[in-house]
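Novice:
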Amino acid sequence: MTTDLTRHPHLPETPFVKAVWAESYDFTTDRIVMGDTSSESGMPWPKNDADLAAFREETRDHVLVMGSTTYDHLPPHMKLPSSTKERPIIILTSRITEYIHKTTGLLAVQPLNPTGTIEHGVMLQWLQKWPEFAGKKIAVIGGARVIDAFKPYYDEMVVTWHPGRHYPSADVGAPRTSIFDGFIATDDTKELDTVQLPENNLPRSIRLTRFTRKENA
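Now the structure itself:
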């Protein structure tokens, strides 16, 4: 196994890995945000059916990798055995015992605690040795620190942009802008929906953009 993380270390048993997240510009704090831990959904923007449909399409038959806060905000139906059969879940957390109890009986939901970039890569390899996860692609979905941690292993990133507005309670920042270093936007940009913003009552687009590594473009 290579430990040269200055380039994409395509290990023999490393599956296809992508990041999938949504973000927006918060006029209140002048920053890019992706979450609101006080909201039921964990998102600062209103529920959007087109956005959710795109997420389902991008993550179908993928193993979902996420932090514990993201897991806690998943809708209940995504934690059911019928859902985790199609989208098994890896929870990255230091509170392993707590999440083992929370996920008792869910064979396709596994709490893990990798502690560094190399350990994240080893985890991706070992997933291919577990029956519930073997042969599936990987989608890393949040939060920001988890998405940042897997950057050396991404084949692509899929980012949905919600129009900027005031989000008074948004408290989760988006991944660092450096996450895009070494990636290039593809022609696969889609307008998912048009929404009216309360700030100015003007229509704005929700857009999905796919990024790939420059060396693969």
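Residue numbering for the sequence shown follows our numbering, beginning at 968 and increasing consecutively.
Cβ atoms here follow ideal geometry from the backbone N, Cα and C, with glycine treated the same way.
1) Could you give the distance in angstroms between the alpha-carbon of S1061 and the alpha-carbon of K1069?
2) Assign F994 to one of two classes, buried (16 or more other C-beta atoms within 10 Å of its C-beta) or exposed (fewer than that).
3) Could you pull the DSSP bridge partners for D1160 from this structure?
4) At a cut of 8 Å, does the stretch 1122–1141 reach the stretch 983–998 through at least three beta carbon pairs?
5) Helix or strand or just coil, what does DSSP make of E1025?
6) Going by CA-CA distance only, name the one from I1114, H1129, H1133, G1140 that's closest to I1146.
7) With a Cβ-Cβ cutoff of 8 Å, do I999 and V1030 count as a contact?
8) Name, in chain order, the residues that DSSP records as bridge partners for K985.
9) Short of 7 Å in beta carbon distance, which residues of its chain neighbour S1035, apart from the five on each side in sequence? Order them along the chain.
10) Let me know the secondary structure DSSP gives Q1092 once reduced to three states.
11) With R1062 as the anchor, note down where its alpha helix (DSSP H) starts and where it stops.
12) Taking the alpha-carbon of I1105 as reference, which of E1053, A1020, R1180 has the nearest alpha-carbon?
13) Rounded to whole angstroms, what is the Cα-Cα separation between G1083 and H1133?
14) Quick check on this structure: which residue in P1130, K1046, Q1077 has the alpha carbon closest to the alpha carbon of P1170?
15) Name the two residues that bound the continuous alpha helix (DSSP H) containing P1048.
16) List the residues that DSSP assigns as beta-bridge partners of P1078.
17) Quick check on H1133: does DSSP put it in helix, strand or coil?
Specialist: Quick look at the numbers:
1) In the sequence shown, the residue the question calls residue 1061 occupies position 94. In the sequence shown, the residue the question calls residue 1069 occupies position 102. One C-alpha to the other measures close to 14 Å.
2) The residue given as residue 994 occupies position 27 in the sequence shown. By the neighbour-count rule (16 or more Cβ atoms within 10 Å), F994 is not buried but exposed.
3) Numbered from 1 along the sequence shown, position 193 holds the residue referred to as residue 1160. The partner list for D1160 (beta bridge, DSSP) reads I1173.
4) Yes: the two stretches touch, three or more of their Cβ pairs being nearer than 8 Å.
5) In the sequence shown, residue 1025 corresponds to position 58, counting from 1. When secondary structure is reduced to three states using DSSP, E1025 falls in the helix class.
6) What you label residue 1146 is simply residue 179 of the sequence shown in a count that begins at 1. Per the C-alpha coordinates, the member of I1114, H1129, H1133, G1140 positioned closest to I1146 is I1114.
7) As a position in the sequence shown, residue 999 is number 32, starting the count at 1. As a position in the sequence shown, residue 1030 is number 63, starting the count at 1. No; because the gap between Cβ atoms is not below 8 Å, this pair is not in contact.
8) Here residue 985 is taken as the residue at index 18 of the sequence shown, counted from 1. Paired residue(s): A1106, E1123.
9) Translated into positions along the sequence shown, residue 1035 becomes position 68. For S1035, where only same-chain residues beyond five positions count, the Cβ hits under 7 Å are I1058, T1060, R1062, Y1066.
10) As a first step, residue 1092 is located in the sequence shown; it is residue number 125 there, counting from the start. DSSP places Q1092 in the helix class (H, G or I) of the three-state scheme.
11) Taking the sequence shown and counting its residues from 1, one reaches residue 1062 at position 95. First-last for R1062: undefined, no H or E at that position.
12) Start at 1 with the first residue of the sequence shown, and residue 1105 comes out as number 138. Ranked by how close their Cα comes to the Cα of I1105, the residues E1053, A1020, R1180 have E1053 in first place.
13) Here residue 1083 refers to the residue found at position 116 when the sequence shown is read from its first residue. Here residue 1133 refers to the residue found at position 166 when the sequence shown is read from its first residue. Cα-Cα distance, rounded: 35 Å.
14) What you label residue 1170 is simply residue 203 of the sequence shown in a count that begins at 1. Of all alpha-carbon atoms in P1130, K1046, Q1077, the one lying nearest the alpha-carbon of P1170 is that of P1130.
15) The residue labelled residue 1048 in the question sits at position 81 within the sequence shown. Per DSSP, P1048 belongs to the alpha helix (DSSP H) from 1048–1051.
16) Indexing the sequence shown from 1 puts residue 1078 at position 111. Beta-bridge pairing links P1078 to I1058.
17) To locate residue 1133, count along the sequence shown from 1; it is residue 166. Coil at H1133, not helix or strand.
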